[in-house]
Amino acid sequence: MEVHHPLFRAQLFLQGAHLTHFATHDKPDWLWLSDTARFETGLAIRGGIPICWPWFGAPERNPPEVRKRIHTDSAHGFARTALWKLEDVRESAHDVEICLSLDANDDFADTWEGHALLLATFSFSVKGCQIALTTTNLGAAPLAFTQALHTYLPTPDIQRTRIEGLAGADYVDTLLDWSYHPQHGDLTFDGEMDRIYESGAPLVIASPASRRTLNAIGSDSTVVWNPGPGKARTLSDFPDSGWKSMLCVETANALSDYRVLNEGQSHTLGVLIGRI
(Lines of atoms letter the chains of each structure in order from A; the text may use other names.)
(Lines give C-alpha, C1' and ligand atoms only; values in the text may rest on other atoms or scores of the structure.)
Protein backbone atom coordinates (compact mmCIF):
# COMPACT_ATOMS: atom_id res chain seq x y z
CA MET A 93 0.00 0.00 0.00
CA GLU A 94 1.20 3.51 -0.86
CA VAL A 95 0.70 6.81 0.94
CA HIS A 96 0.57 9.89 -1.29
CA HIS A 97 0.16 12.95 0.92
CA PRO A 98 0.89 16.53 -0.16
CA LEU A 99 3.66 16.70 2.47
CA PHE A 100 5.19 13.20 2.32
CA ARG A 101 5.03 9.74 0.77
CA ALA A 102 5.45 6.21 2.08
CA GLN A 103 5.19 2.59 0.98
CA LEU A 104 4.06 -0.20 3.31
CA PHE A 105 3.55 -3.91 2.65
CA LEU A 106 1.01 -6.14 4.40
CA GLN A 107 3.55 -8.95 4.23
CA GLY A 108 5.70 -8.34 7.27
CA ALA A 109 4.07 -4.96 8.07
CA HIS A 110 7.16 -3.80 6.24
CA LEU A 111 7.82 -0.11 5.64
CA THR A 112 10.10 0.23 2.60
CA HIS A 113 9.91 3.97 1.79
CA PHE A 114 9.37 7.25 3.61
CA ALA A 115 10.26 10.72 2.38
CA THR A 116 9.00 14.25 2.70
CA HIS A 117 7.82 15.97 -0.46
CA ASP A 118 10.43 16.03 -3.27
CA LYS A 119 13.24 14.89 -0.92
CA PRO A 120 15.39 11.72 -0.95
CA ASP A 121 14.19 8.60 0.82
CA TRP A 122 14.85 8.43 4.56
CA LEU A 123 15.24 4.63 4.36
CA TRP A 124 17.65 2.43 2.41
CA LEU A 125 16.28 -0.27 0.12
CA SER A 126 18.51 -2.68 -1.77
CA ASP A 127 18.59 -2.24 -5.53
CA THR A 128 18.26 -6.02 -5.78
CA ALA A 129 15.49 -6.46 -3.19
CA ARG A 130 12.94 -9.11 -4.12
CA PHE A 131 9.23 -8.78 -3.39
CA GLU A 132 8.07 -12.38 -3.14
CA THR A 133 5.64 -14.23 -0.90
CA GLY A 134 7.37 -15.63 2.17
CA LEU A 135 10.63 -13.77 1.52
CA ALA A 136 11.88 -10.93 3.73
CA ILE A 137 12.53 -7.66 1.91
CA ARG A 138 16.13 -6.40 2.05
CA GLY A 139 15.87 -2.83 3.33
CA GLY A 140 13.33 -0.46 4.86
CA ILE A 141 12.29 -1.55 8.36
CA PRO A 142 11.74 -5.29 8.77
CA ILE A 143 10.03 -6.35 12.02
CA CYS A 144 11.98 -9.08 13.85
CA TRP A 145 9.61 -10.90 16.26
CA PRO A 146 9.15 -12.97 18.48
CA TRP A 147 12.88 -13.54 18.51
CA PHE A 148 15.84 -11.53 17.30
CA GLY A 149 18.87 -13.06 15.61
CA ALA A 150 19.74 -16.75 15.73
CA PRO A 151 17.53 -18.79 18.11
CA GLU A 152 20.54 -20.19 19.98
CA ARG A 153 21.71 -16.66 20.87
CA ASN A 154 18.47 -15.90 22.70
CA PRO A 155 17.84 -16.28 26.46
CA PRO A 156 16.60 -19.74 27.53
CA GLU A 157 13.07 -18.44 28.25
CA VAL A 158 12.81 -17.23 24.64
CA ARG A 159 14.70 -20.10 23.03
CA LYS A 160 12.50 -22.84 24.52
CA ARG A 161 9.53 -21.59 22.47
CA ILE A 162 11.36 -21.68 19.12
CA HIS A 163 11.17 -24.79 16.91
CA THR A 164 13.32 -23.69 13.98
CA ASP A 165 16.88 -22.64 13.17
CA SER A 166 15.73 -19.57 11.22
CA ALA A 167 16.76 -16.12 12.48
CA HIS A 168 14.62 -13.11 13.33
CA GLY A 169 11.23 -14.77 13.80
CA PHE A 170 8.24 -15.01 11.47
CA ALA A 171 6.55 -11.60 11.75
CA ARG A 172 8.66 -10.12 8.94
CA THR A 173 7.27 -12.62 6.39
CA ALA A 174 3.74 -13.20 7.79
CA LEU A 175 0.68 -11.60 6.22
CA TRP A 176 -0.68 -8.83 8.45
CA LYS A 177 -4.22 -7.41 8.50
CA LEU A 178 -5.13 -3.78 7.87
CA GLU A 179 -6.99 -2.48 10.91
CA ASP A 180 -7.30 1.28 10.45
CA VAL A 181 -6.22 4.29 8.39
CA ARG A 182 -6.51 7.85 9.62
CA GLU A 183 -5.59 10.92 7.59
CA SER A 184 -5.50 14.65 8.22
CA ALA A 185 -3.99 17.70 6.56
CA HIS A 186 -0.80 17.11 8.55
CA ASP A 187 -0.36 13.37 9.11
CA VAL A 188 -1.38 9.80 8.30
CA GLU A 189 -1.67 6.87 10.71
CA ILE A 190 -1.94 3.23 9.61
CA CYS A 191 -2.49 0.30 11.98
CA LEU A 192 -1.82 -3.34 11.05
CA SER A 193 -2.36 -6.46 13.16
CA LEU A 194 -1.04 -10.01 13.36
CA ASP A 195 -2.63 -12.79 15.40
CA ALA A 196 0.33 -14.98 16.32
CA ASN A 197 -1.53 -18.18 17.13
CA ASP A 198 -1.42 -21.91 16.38
CA ASP A 199 -0.91 -21.12 12.68
CA PHE A 200 2.77 -20.69 13.59
CA ALA A 201 3.00 -23.77 15.85
CA ASP A 202 5.58 -25.42 13.56
CA THR A 203 8.11 -22.71 14.41
CA TRP A 204 6.99 -21.17 17.71
CA GLU A 205 4.92 -21.84 20.81
CA GLY A 206 2.71 -19.04 22.07
CA HIS A 207 -0.29 -16.83 21.42
CA ALA A 208 -0.02 -13.07 21.11
CA LEU A 209 -1.59 -10.16 19.29
CA LEU A 210 0.71 -7.70 17.52
CA LEU A 211 -0.32 -4.20 16.52
CA ALA A 212 2.02 -2.17 14.31
CA THR A 213 1.10 1.51 14.16
CA PHE A 214 2.81 3.71 11.56
CA SER A 215 2.58 7.49 11.94
CA PHE A 216 3.79 9.76 9.13
CA SER A 217 4.17 13.54 9.06
CA VAL A 218 6.48 16.15 7.57
CA LYS A 219 8.52 15.91 10.80
CA GLY A 220 9.28 12.21 10.34
CA CYS A 221 7.85 8.75 10.88
CA GLN A 222 7.18 6.57 13.89
CA ILE A 223 6.62 2.84 14.27
CA ALA A 224 5.06 1.45 17.46
CA LEU A 225 4.94 -2.34 17.80
CA THR A 226 2.67 -3.50 20.63
CA THR A 227 2.70 -7.12 21.81
CA THR A 228 -0.15 -8.44 23.98
CA ASN A 229 0.12 -11.90 25.52
CA LEU A 230 -3.12 -13.81 24.82
CA GLY A 231 -1.84 -17.05 26.37
CA ALA A 232 -2.20 -18.24 29.97
CA ALA A 233 1.53 -18.74 30.54
CA PRO A 234 4.16 -15.96 30.71
CA LEU A 235 5.49 -15.02 27.28
CA ALA A 236 9.19 -14.21 26.83
CA PHE A 237 10.38 -12.68 23.57
CA THR A 238 13.06 -10.60 21.89
CA GLN A 239 12.45 -8.26 18.97
CA ALA A 240 13.83 -5.45 16.82
CA LEU A 241 12.76 -2.77 14.38
CA HIS A 242 15.55 -3.45 11.87
CA THR A 243 15.93 0.06 10.41
CA TYR A 244 18.09 0.41 7.27
CA LEU A 245 19.32 3.98 6.77
CA PRO A 246 21.03 5.51 3.72
CA THR A 247 24.31 7.39 3.60
CA PRO A 248 26.43 8.74 0.73
CA ASP A 249 29.57 7.41 2.45
CA ILE A 250 29.60 4.97 5.37
CA GLN A 251 33.18 5.93 6.24
CA ARG A 252 32.13 9.55 6.76
CA THR A 253 29.08 8.60 8.84
CA ARG A 254 28.90 8.50 12.62
CA ILE A 255 26.39 7.72 15.34
CA GLU A 256 26.15 10.11 18.27
CA GLY A 257 24.64 9.09 21.61
CA LEU A 258 26.27 5.72 22.36
CA ALA A 259 29.40 7.03 24.09
CA GLY A 260 29.87 5.32 27.46
CA ALA A 261 27.57 2.41 26.64
CA ASP A 262 28.75 -1.20 26.80
CA TYR A 263 28.26 -3.43 23.78
CA VAL A 264 28.58 -7.03 22.72
CA ASP A 265 30.75 -7.42 19.63
CA THR A 266 29.40 -10.47 17.80
CA LEU A 267 32.45 -10.42 15.49
CA LEU A 268 34.83 -10.81 18.46
CA ASP A 269 33.36 -13.94 20.01
CA TRP A 270 30.47 -12.03 21.59
CA SER A 271 32.80 -10.20 23.97
CA TYR A 272 31.91 -7.04 25.93
CA HIS A 273 33.50 -3.64 25.25
CA PRO A 274 32.86 0.00 26.20
CA GLN A 275 32.09 2.59 23.52
CA HIS A 276 34.47 5.55 23.51
CA GLY A 277 33.15 8.65 21.75
CA ASP A 278 31.00 8.64 18.62
CA LEU A 279 30.65 5.42 16.66
CA THR A 280 32.29 5.39 13.22
CA PHE A 281 32.67 2.71 10.55
CA ASP A 282 35.76 1.23 8.90
CA GLY A 283 34.53 -2.24 7.90
CA GLU A 284 32.10 -4.94 8.98
CA MET A 285 30.24 -4.18 12.21
CA ASP A 286 27.72 -6.16 14.25
CA ARG A 287 27.23 -4.86 17.78
CA ILE A 288 24.47 -5.01 20.38
CA TYR A 289 24.60 -1.96 22.65
CA GLU A 290 23.11 -1.97 26.14
CA SER A 291 21.46 1.37 25.52
CA GLY A 292 18.16 2.78 24.33
CA ALA A 293 19.39 6.38 24.40
CA PRO A 294 18.37 8.97 21.76
CA LEU A 295 20.70 8.86 18.77
CA VAL A 296 21.81 11.13 15.95
CA ILE A 297 22.88 9.56 12.66
CA ALA A 298 25.22 12.09 11.07
CA SER A 299 26.13 11.54 7.41
CA PRO A 300 27.45 13.88 4.70
CA ALA A 301 23.87 14.26 3.45
CA SER A 302 21.73 14.58 6.59
CA ARG A 303 21.36 14.40 10.36
CA ARG A 304 18.58 12.05 11.46
CA THR A 305 17.38 11.49 15.01
CA LEU A 306 16.28 8.12 16.35
CA ASN A 307 14.31 8.11 19.59
CA ALA A 308 13.46 4.72 21.05
CA ILE A 309 10.41 3.69 23.06
CA GLY A 310 10.39 0.60 25.30
CA SER A 311 13.97 -0.34 24.42
CA ASP A 312 17.21 -0.71 26.36
CA SER A 313 19.24 -2.25 23.53
CA THR A 314 20.39 -0.98 20.13
CA VAL A 315 21.90 -3.06 17.34
CA VAL A 316 24.32 -1.47 14.85
CA TRP A 317 25.15 -3.42 11.71
CA ASN A 318 27.02 -3.00 8.45
CA PRO A 319 28.19 -6.05 6.46
CA GLY A 320 31.42 -4.51 5.17
CA PRO A 321 32.87 -5.52 1.79
CA GLY A 322 33.47 -9.20 2.56
CA LYS A 323 30.09 -10.20 3.94
CA ALA A 324 28.25 -8.00 1.44
CA ARG A 325 29.39 -10.33 -1.32
CA THR A 326 27.77 -13.30 0.44
CA LEU A 327 24.38 -11.75 1.24
CA SER A 328 21.27 -12.41 -0.81
CA ASP A 329 19.51 -9.45 -2.43
CA PHE A 330 22.42 -7.17 -1.54
CA PRO A 331 24.74 -5.40 -4.04
CA ASP A 332 28.44 -6.07 -3.52
CA SER A 333 29.07 -2.35 -3.00
CA GLY A 334 25.85 -1.73 -1.05
CA TRP A 335 27.68 -1.65 2.29
CA LYS A 336 29.15 1.74 1.35
CA SER A 337 25.75 3.44 1.24
CA MET A 338 23.83 2.03 4.21
CA LEU A 339 23.84 1.19 7.89
CA CYS A 340 21.37 -0.51 10.20
CA VAL A 341 20.46 1.01 13.56
CA GLU A 342 17.96 -1.30 15.19
CA THR A 343 15.68 -0.38 18.07
CA ALA A 344 15.55 -3.63 20.01
CA ASN A 345 14.80 -5.77 23.02
CA ALA A 346 17.76 -8.15 22.67
CA LEU A 347 19.98 -10.37 24.86
CA SER A 348 19.38 -9.44 28.54
CA ASP A 349 16.85 -6.80 27.43
CA TYR A 350 14.30 -9.51 26.55
CA ARG A 351 10.76 -8.92 27.77
CA VAL A 352 8.29 -11.15 29.65
CA LEU A 353 4.53 -10.58 29.61
CA ASN A 354 2.00 -12.28 31.86
CA GLU A 355 -1.45 -13.12 30.51
CA GLY A 356 -3.14 -9.98 29.14
CA GLN A 357 -0.10 -7.75 29.57
CA SER A 358 1.28 -5.59 26.74
CA HIS A 359 4.60 -4.03 25.78
CA THR A 360 5.29 -1.42 23.11
CA LEU A 361 8.58 -1.12 21.25
CA GLY A 362 8.87 1.95 19.06
CA VAL A 363 11.14 4.28 17.17
CA LEU A 364 10.62 7.86 16.03
CA ILE A 365 12.81 8.86 13.08
CA GLY A 366 13.15 12.62 12.78
CA ARG A 367 15.53 15.24 11.42
CA ILE A 368 17.57 18.14 12.72
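If you want the working numbering, it's the 1-based position in the sequence shown plus 92.
Glycine included, each C-beta is placed from N, C-alpha and C at the ideal position.
Since the structure is predicted, the reported quantities are computational estimates derived from the model, not experimental observations.
* Examine the Cβ distances between the region 219 to 226 and the region 196 to 206 and report whether three or more of them are shorter than 8 Å. => no
* What did DSSP end up calling G310 once you bin it into helix, strand or coil? -> coil
* CB contact flag (D349, S299, <9 Å) -> No. Outside cutoff.
* Leaving out five residues before and five after V212 in sequence, what residues of the same chain have Cβ atoms less than 6 Å from its Cβ? -> Checking the sequence, you will find Ala at residue 212 rather than Val. Excluding positions up to five away in sequence, the list reads A109, L192, L225.
* Helix, strand or coil: how does DSSP classify K177 here? -> Three-state DSSP puts K177 in a strand.
* **Rounded separation between V218 and K119 - CA only** => 11 Å
* Validate contact between the region 183 to 190 and the region 117 to 136 using beta carbons, cut 8 Å, 3 pairs -> no
* Determine the extent of the beta strand (DSSP E) in which V218 is found, giving its start and end residues. => No beta strand (DSSP E) contains V218, which DSSP labels as neither H nor E.
* Asked: A236 and E355: beta carbons closer than 9 Å?
  -> no
* To do: Report buried or exposed for S291, applying the criterion of at least 16 other Cβ atoms within 10 angstroms of its Cβ.
  => buried
* **Start and end residues, beta strand (DSSP E) containing P156** => Run containing P156: none in the beta strand (DSSP E); it sits in the alpha helix (DSSP H), 156 to 159.
* Nearest neighbour of W335, chosen from T112, Y289, D127, L361 [CA to CA] -> D127
* Which residue from V341, Q107, E94 puts its Cα closest to that of E132? -> Q107
* Asked: Per DSSP, H273 is paired with what?
  -> According to DSSP, which records beta bridges pairwise, H273 is partnered with Y263.
* Asked: From V352 to A208, what distance separates their C-alpha atoms?
  -> 12 Å
* Any idea what DSSP makes of W335, helix, strand or coil? -> Helix, per DSSP.
* Asked: What whole-angstrom Cβ distance do F148 and Q251 have, given they're in contact under 8 Å?
  -> The pair is not a contact, with the Cβ atoms about 27 Å apart (cut-off 8 Å).
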